[in-house]
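Reviewing the structure listed below.
Protein chains: 6
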Amino acid sequence: MHIETETWTDLADAETELALVPVGSTEQHGPHAPLGTDTLNAEAVADAAADRYDGEVVVAPAIPVGVAEEHRAFTGTLWTSESTFRAYVRDVVDSLAAHGWDRVVLVNGHGGNIAALREVAGRIVRHDDAYAVPFTWFDEVGEQDIDMGHGGPMETALLQHANPETVHEDRLAEAASGGADRWGDWQGRVNLAFDSDEFTENGVVGDPRDGSADLGEQLLESATGSLVALLETVADRELPER
Amino acid sequence: MHIETETWTDLADAETELALVPVGSTEQHGPHAPLGTDTLNAEAVADAAADRYDGEVVVAPAIPVGVAEEHRAFTGTLWTSESTFRAYVRDVVDSLAAHGWDRVVLVNGHGGNIAALREVAGRIVRHDDAYAVPFTWFDEVGEQDIDMGHGGPMETALLQHANPETVHEDRLAEAASGGADRWGDWQGRVNLAFDSDEFTENGVVGDPRDGSADLGEQLLESATGSLVALLETVADRELPER
Amino acid sequence: MHIETETWTDLADAETELALVPVGSTEQHGPHAPLGTDTLNAEAVADAAADRYDGEVVVAPAIPVGVAEEHRAFTGTLWTSESTFRAYVRDVVDSLAAHGWDRVVLVNGHGGNIAALREVAGRIVRHDDAYAVPFTWFDEVGEQDIDMGHGGPMETALLQHANPETVHEDRLAEAASGGADRWGDWQGRVNLAFDSDEFTENGVVGDPRDGSADLGEQLLESATGSLVALLETVADRELPER
Amino acid sequence: MHIETETWTDLADAETELALVPVGSTEQHGPHAPLGTDTLNAEAVADAAADRYDGEVVVAPAIPVGVAEEHRAFTGTLWTSESTFRAYVRDVVDSLAAHGWDRVVLVNGHGGNIAALREVAGRIVRHDDAYAVPFTWFDEVGEQDIDMGHGGPMETALLQHANPETVHEDRLAEAASGGADRWGDWQGRVNLAFDSDEFTENGVVGDPRDGSADLGEQLLESATGSLVALLETVADRELPER
Amino acid sequence: MHIETETWTDLADAETELALVPVGSTEQHGPHAPLGTDTLNAEAVADAAADRYDGEVVVAPAIPVGVAEEHRAFTGTLWTSESTFRAYVRDVVDSLAAHGWDRVVLVNGHGGNIAALREVAGRIVRHDDAYAVPFTWFDEVGEQDIDMGHGGPMETALLQHANPETVHEDRLAEAASGGADRWGDWQGRVNLAFDSDEFTENGVVGDPRDGSADLGEQLLESATGSLVALLETVADRELPER
Amino acid sequence: MHIETETWTDLADAETELALVPVGSTEQHGPHAPLGTDTLNAEAVADAAADRYDGEVVVAPAIPVGVAEEHRAFTGTLWTSESTFRAYVRDVVDSLAAHGWDRVVLVNGHGGNIAALREVAGRIVRHDDAYAVPFTWFDEVGEQDIDMGHGGPMETALLQHANPETVHEDRLAEAASGGADRWGDWQGRVNLAFDSDEFTENGVVGDPRDGSADLGEQLLESATGSLVALLETVADRELPER
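Those protein sequences? They're chains A, B, C, D, E and F, same order as listed. The opening position of the first sequence corresponds to residue 46 in my numbering, with each subsequent residue numbered one higher. The opening position of the second sequence corresponds to residue 46 in my numbering, with each subsequent residue numbered one higher. The opening position of the third sequence corresponds to residue 46 in my numbering, with each subsequent residue numbered one higher. The opening position of the fourth sequence corresponds to residue 46 in my numbering, with each subsequent residue numbered one higher. The opening position of the fifth sequence corresponds to residue 46 in my numbering, with each subsequent residue numbered one higher. The opening position of the sixth sequence corresponds to residue 46 in my numbering, with each subsequent residue numbered one higher.
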């Protein structure tokens, strides 16, 4: 059940403690993919899992702007400070919990959000009246031969499957040629770079031509399976008395 | 140009300083209208104005959760604190301005956001590198014989026109009968109530049966005209040197 | 009972849960009226109501500096950020409530404070151990043929009645001629201006010559009546168990 | 020139960079003295010094509520957190400085404010566009044979001179008998107590019968002299280029 | 040069822009290793690298308490909120930079600090006047056959080499038998646990008997080499004009 | 028992509610004494008292950076804002209390920390689940003929006794000749200076040649006695039910 398209009376009849919050970002994804990539992909996975899960799950509206200052050099990227982002997510989760939906999975589509989501989930679990845990879809697609990149094959593939009209297929070669092979500017495991324009000319990391709608379908299938399994686990999890 | 569906390279070609940020809310709107009413309506007006405006305007993704704690008694309502909401809006506007889109209209669909948006706009204008001003669509539809209410004729009408599938037409009578005539619990001009369940049984204020898709079309037309005119004014406004 | 002139032992004998907090501002009011206008007027109304109310009411010292950055262009205007102002008011109300005076009316004299007071009152009512509600005197004087303005007939009139020595009667014509007809720089219901010097040359809005001590007496009478009635309502209001 | 009783046009003619901000507190002062003691005394000293100083000085309205949680056990005491208090003072000083009054003395009447004022003055001096320094009147009265106490001879004496109607002369014996000899509950120089009701039964420290209007006059004379000398020094102080 | 053992005059003669800040934690490390493990190890690596680096490097005192709430169930663990930790680190780095040491490596010994350090480093680099980058020693020891664990072979080994007196060698078997094989309670790549007592009985993860002083020496050698190389890179890094 | 060198299992066996937190600073102490002076001295006193106290006391790691912006002009001085410092101390104390060590003495070595420690202790005592009180060692050494100064005889003496290798004995004359006689730039009891370089050329106040290892031993003895007595008092103190 999507909260924004339901009425409160119908939601009041929902028998569940489970909620999904898609968390996206509005940030450059190269010359071929839209700035809403992370939001679209997070929504695609959340929607598919809510559909497939054997039971009711409420789905909150996607959080559209996240921790993306690293892409500030590329036009259109929007961002909040990490503190603001955490506060926004926390308030959303706490208000979900106020209605009894206190087992929340944060379905994330953006690498830059991961640390902030883990931090705020910990704060919620330890200090508020909810259990929350982040799930980043591209980390949950099983073993893949391809790297995540940025605007690379995985993200592009999921768009090609779920939102094909948003991908400029005719720019994939350009995307690849102006992109980087690897995220970051590394010495050992230290990333010396803080902004993505330090290591990628057009914002891309990886070769989006390695993606395809078919791959996207497989990724969605795999991520959805992982998320459904997580929902089952979270539904059964023993929570402290409140 | 909608930021989330464009690529950064296409946005970099946009020749404009104007941006629209739809600002919604996820909150109860009675038994007949969806919780996303305010977001949907804000988007409808922003989209129509961006289309009609003679020039380019970038449109940010809608901010989906706002200042709605007053509806907390009704299932599904989500909210952030006013401080968090202002911080989120401010960060979004400041990142828009970082790309040169520093004349921003906050297209608002929710009465509860008005004061917070005015406050944050003042802070941005006085202290950041942007001009921002809030525009609340239902205040900009010319003289109407009907009150705004909540989930009432105006909001319902715009949904009936722009997102008709979201309205439960068969519940309008129920919505009206369980609703209140007036927002608030007033003594003089002091509203004694802070939560909406203090004065409305089912969350509705006003009679949504007074709405219609035709009325919605008129409202959209009128609000769009007002917003286009505002964009023209803001585009021409003299801003301080930065 | 005015807290600042009473001893704690006498206050401990007070049998009431009611408190008034006059909330003013230190800001320009044109060439004819003092910067303390809003504080003086708020105090006048609060004092009159405390006197007339049939029962004990404690009156806190007036909060002298509020949300007035909009007048920063005019010499002498003092202001705090909205956040600081809300924090200050909240702490004062919470300490009143600590002594059992947990039904609090914020008697406001400044338009710029209204939104911030409503916000902080909501926060107090929902999250602290008190009920608080703002009352802005010039909104509670019944139907008047004159607009509020700024340093205009209503504010000037109340000063002429309650603090006549503070008004420069010989500057009223100058005040009127350099003032504006209307607050703000409007397009529809959008105020494009954030600072008052954008639309008034000398800080005045309205013609203070339309005021008089007689009018001031009527305004005080009317506002006092409204505030006494509000105190009665607030005294009887059912509050949640704490 | 008192800001709250002047008009902005008259203040604009003032030729000075000096401002005084009386800083008080609303807190118990025993059975004989009013809760506004600290504010009244700070105002008395600030007013006398502004009068005597050979040049113009603007005087801000007194800040009425300060750092007084230590007296929370006694009815009527109002307080803000130290953070809120500092923010309020800082905003007031920064707005004074915006008008060119950027040499500011914080004329303090309450021991509990001292540390917070010193901290915020340091922050202002180092990081804002003003010089600010706190002056606590009872520390600046020369060598006295009597201790400061609380509601004791010094504070009572200044009230007896400057605001005699606020002192209950008939309760001085009661005040003394229920009071403490010394502020705090000490082991070495460590004060083990955080709240004043841990060591004084009626809130008094010291014997107010040792005060008198004559002593009050001497104290005012002495403190005023110190403050005038400080104003002269601050007026001549070399400040960094801004 | 260790800042805490040098005089300011000697530090003023240092010709370097490089600084190291050891960042530790005070948290349980099983029955065999001290709560200061992370601090001791971070200091060991920082000291060794400062010694070996061909040039001057200032070393700040270690930050002793970090992000360790996850170990709160085990006696003695100290922690700050992530926000407080970031603020503390940021202030330290900014004050280093004020002296010209504006190329800073945060030498970290605790996994729980990693995300917070990366976040604050990004904030410093983008918004303050310094370049800062975190270096976590156990991530920089080359390829190892052993997992990091917690109080496991790697951490124990470095203690056994650098601070052997702090390790209870006679408790290693007990440590291993009550410990866990793996950090966390995982489903896919989602860690369902937020506190370490959810998955380890005695706080240990991994078998500390796989450590040894010899291994510790190798680890220190390897980490030191990595850190020296990082210092060289950071020293040569082109920074933006300030 | 020093937390950082103990294991959690040994600490779990400790039978005490008492904890000491040494609080230092990293700041200039003239040409002869190290920047870690305040930390070293606080640790020396805390260690001695923990040893001598008849019962168990846990000792937290020293907080190494405090409120020292006043020394920013001298190379190497590190500081945090007062707010950050208080937050850090508060979190440390609250985590101590979480383990049952909820009677905490903050053993302070730096004058600049005193006010901030008192403030945060008050907040902890009134609002958290612990009793905390600051103890500044140089205020607790009985009557001394010498002033505290800064890098002066008292601080130097304690170093000469407890950490003699850190003192440059050959620079004492230079330290004295470039130092000031008195801390601050005073008019009456108002310190006009906010930074120490306004009144001391080399950072020293007082003549360190008046110190000696013997004096240091006496000071340590005296301060230790005071702290042990304080621990006894705090151990016996009646605390409110939680």
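Glycine is no exception: its CB is placed at the ideal position from the N, C-alpha and C atoms.
Check your understanding: Just to confirm, does F:R117 get its C-beta within under 7 Å of one of the non-hydrogen atoms of the ligand MN?
Key -> With respect to the ligand MN, the structure offers nothing, as it holds no ligand at all.
Check your understanding: To which residues of the same chain is F:A166 closer than 6 Å at the C-beta, ignoring the five residues directly before and after it?
Key -> Against the sixth sequence, residue 166 of chain F aligns to sequence position 121. Contacts found: A177, V178 and P179.
Review point. How big is the Cα-Cα spacing for A:F183 and A:A268?
Key: Taking the first residue of the first sequence as position 1, residue 183 of chain A is located at position 138. Taking the first residue of the first sequence as position 1, residue 268 of chain A is located at position 223. Approximately 7 Å between the Cα atoms of the pair.
Review point. Can you tell me whether DSSP reads F:F239 as helix, strand or coil?
Key: Numbered from its first residue, the sixth sequence carries residue 239 of chain F at position 194. In this structure, F:F239 counts as coil in the three-state DSSP scheme.
Point to revise | Cβ shell of E:P106 (< 6 Å), same chain only, five flanking positions each side left out | key: Reading the fifth sequence from its first residue, position 61 is the one you call residue 106 of chain E. Once the five neighbours on either side are set aside, the close Cβ partners of E:P106 are E49.
Review point. Buried or exposed: where does A:P209 fall if 16 or more other Cβ atoms within 10 Å of its Cβ makes it buried?
Key: Residue 209 of chain A sits at position 164 when you count from the first residue of the first sequence. With a threshold of 16 other beta carbon atoms within 10 Å, A:P209 falls short and is exposed.
**Study point:** Against chain C: residues of the region 213 to 244 of chain B by CB proximity under 7 Å
**Key:** Within the region 213 to 244 of chain B, the residues whose Cβ lies closer than 7 Å to some Cβ of chain C are Q232, G233, R234, V235, L237 and F239, listed in chain order.
Practice item. Please look up how many angstroms separate the CB atoms of D:L217 and D:G261, rounded, as I've assumed it's under 8 Å. Key: Position 172 of the fourth sequence holds residue 217 of chain D. Position 216 of the fourth sequence holds residue 261 of chain D. That belief does not hold up - the Cβ atoms of D:L217 and D:G261 are roughly 14 Å apart, past 8 Å.
Review point. What first and last residue would you give for the beta strand (DSSP E) that runs through F:A177?
Key: On the sixth sequence, position 132 is the one that residue 177 of chain F refers to. Per DSSP, F:A177 belongs to the beta strand (DSSP E) from Y176 to T181.
Review point. What are the boundary residues of the alpha helix (DSSP H) that A:P198 is part of?
Key: Taking the first residue of the first sequence as 1, we reach residue 198 of chain A at position 153. Counting along the chain, the alpha helix (DSSP H) containing A:P198 begins and ends at P198 to A207.
Check your understanding: Taking any Cβ of chain C, which residues in the region 146 to 179 of chain D have a Cβ under 7 Å from it, in chain order?
Key -> none
Point to revise | Exposure of C:D294, with buried meaning 16 or more beta-carbon neighbours within 10 Å | key: Residue 294 of chain C is absent from the structure shown; chain C starts at 46 and stops at 287.
Point to revise | C-alpha gap between A:A225 and E:I169, whole angstroms | key: Numbered from its first residue, the first sequence carries residue 225 of chain A at position 180. Numbered from its first residue, the fifth sequence carries residue 169 of chain E at position 124. A:A225 and E:I169: Cα-Cα distance of roughly 25 Å.
Check your understanding: Across which residues does DSSP place C:E148 in a beta bridge pair?
Key -> As a first step, residue 148 of chain C must be located in the third sequence, where it is residue number 103. One detail in the question is off: residue 148 of chain C reads as Arg in this sequence, not Glu. Bridge partners of C:R148: C:L63 and C:Y176.
Exercise for review: Leaving out five residues on either side along the sequence, give the residues of the same chain with a beta carbon under 6 Å from the beta carbon of F:V138.
Suggested key: Working through the sixth sequence from its first residue, we reach residue 138 of chain F at position 93. Excluding residues within five positions, the ones whose Cβ falls inside 6 Å are V149, I169, A175 and A177.
**Study point:** Spatially closest choice to E:D58 from F:G81, F:P76, F:D252 and F:L276, by CA coordinates
**Key:** Counting from one through the fifth sequence, the residue named residue 58 of chain E turns up at place 13. For E:D58, the nearest C-alpha among the options comes from F:P76.
Review point. At which residues does the alpha helix (DSSP H) containing A:W53 begin and terminate?
Key: Residue mapping note: residue 53 of chain A aligns to position 8 of the first sequence, counting from 1. Note, A:W53: alpha helix (DSSP H), W53 to A57.
Check your understanding: Is there at least one Cβ from chain C nearer than 8 Å to D:D136's Cβ?
Key -> Position 91 of the fourth sequence, counting from 1, holds the residue named residue 136 of chain D. It does; some Cβ of chain C falls within 8 Å.
**Study point:** chain A residues whose Cβ lies nearer than 9 Å to that of E:E62
**Key:** Taking the fifth sequence and counting its residues from 1, one reaches residue 62 of chain E at position 17. Here the premise fails: no neighbours, minimum Cβ distance about 16 Å.
Review point. Is the Cβ-Cβ distance between D:S70 and D:D55 less than 8 Å?
Key: Along the fourth sequence, one-based indexing puts residue 70 of chain D at 25. Along the fourth sequence, one-based indexing puts residue 55 of chain D at 10. No, the pair does not count as a contact, with Cβ atoms beyond the cut-off.
Practice item. Indicate the three-state DSSP secondary structure (helix, strand or coil) for C:I108 in the structure shown. Key: Counted from its first residue, the third sequence places residue 108 of chain C at position 63. Reduced to three states, the DSSP call for C:I108 is strand.
Point to revise | Which listed residue (C:A118, C:G81 and C:V152) has its alpha carbon closest to that of D:A143 | key: Position 98 of the fourth sequence holds residue 143 of chain D. Considering only alpha carbons, the answer is C:A118.
Point to revise | CA-to-CA distance, D:E188 to F:V68, given in whole angstroms | key: Within the sixth sequence, residue 68 of chain F is the residue found at index 23, counting from 1. Within the fourth sequence, residue 188 of chain D is the residue found at index 143, counting from 1. Roughly 35 Å between the two C-alpha positions.
Check your understanding: Using a Cβ-Cβ cut-off of 7 Å (strictly less than) and excluding sequence neighbours within five positions of A:E101, which residues of its own chain qualify?
Key -> Start at 1 with the first residue of the first sequence, and residue 101 of chain A comes out as number 56. Take A:E101, set aside five residues on each side of it, and the residues of its chain with a beta-carbon closer than 7 Å to its own are M46, A59, E60 and T61, in chain order.
Practice item. Quick one: grab the DSSP three-state call for B:Q263. Key: Position 218 of the second sequence holds residue 263 of chain B. In this structure, B:Q263 counts as helix in the three-state DSSP scheme.
Point to revise | Spatial distance of E:W231 from E:L237 (CA atoms) | key: Position 186 of the fifth sequence, counted from the first residue, corresponds to residue 231 of chain E. Position 192 of the fifth sequence, counted from the first residue, corresponds to residue 237 of chain E. C-alpha separation (whole angstroms): 6 Å.
Exercise for review: For chain B, find out if any of its Cβ atoms is closer than 8 Å to the Cβ of A:T129; answer yes or no.
Suggested key: For the purposes of this step, residue 129 of chain A is taken as residue 84 along the first sequence, with counting starting at 1. Output row for A:T129: interface = yes.
Review point. For the candidate residues A:E127, A:R254 and A:N153, whose alpha-carbon lies nearest to that of A:G197?
Key: Within the first sequence, residue 197 of chain A is the residue found at index 152, counting from 1. The option with the nearest alpha carbon to A:G197 is A:R254.
Exercise for review: Output yes or no for whether 8 Å exceeds the beta carbon distance between F:A91 and F:V152.
Suggested key: In the sixth sequence, the residue the question calls residue 91 of chain F occupies position 46. In the sixth sequence, the residue the question calls residue 152 of chain F occupies position 107. Cβ atoms of F:A91 and F:V152: closer than 8 Å.
Exercise for review: Could you tell me which chain C residues have their CB closer than 8 Å to the CB of B:T278, listed as they occur along the chain?
Suggested key: As a position in the second sequence, residue 278 of chain B is number 233, starting the count at 1. By Cβ distance, chain C contributes Q232 and L237.
Point to revise | Min CB distance A:W182 to chain B below 8 Å | key: Along the first sequence, read from residue 1 onward, the residue named residue 182 of chain A stands at position 137. Not one chain B Cβ lies under 8 Å of A:W182.
Check your understanding: By the criterion of Cβ-Cβ separation under 8 Å, what are the contact partners of B:R117 in chain A?
Key -> Here the question's residue 117 of chain B lines up with position 72 in the second sequence. By Cβ distance, chain A contributes S140 and A143.
Practice item. Assuming E:H206 and E:G251 form a contact by the criterion Cβ under 8 Å, report the distance between their Cβ atoms to the nearest whole angstrom. Key: Position 161 of the fifth sequence holds residue 206 of chain E. Position 206 of the fifth sequence holds residue 251 of chain E. That pair is no contact at about 17 Å.
Exercise for review: With a 10 Å radius around its C-beta and 16 neighbouring C-beta atoms as the bar for buried, classify F:H155 as buried or exposed.
Suggested key: On the sixth sequence, residue 155 of chain F is found 110 positions in, with the first residue counted as 1. Under this definition F:H155 is a buried residue.
Exercise for review: Note the first and the last residue of the continuous alpha helix (DSSP H) segment covering D:S140.
Suggested key: Along the fourth sequence, read from residue 1 onward, the residue named residue 140 of chain D stands at position 95. Per DSSP, D:S140 belongs to the alpha helix (DSSP H) from E127 to A143.
Practice item. Kindly identify the DSSP beta-bridge partner or partners of D:N153. Key: As a first step, residue 153 of chain D is located in the fourth sequence; it is residue number 108 there, counting from the start. In DSSP, D:N153 forms a bridge with D:V68 and D:T181.
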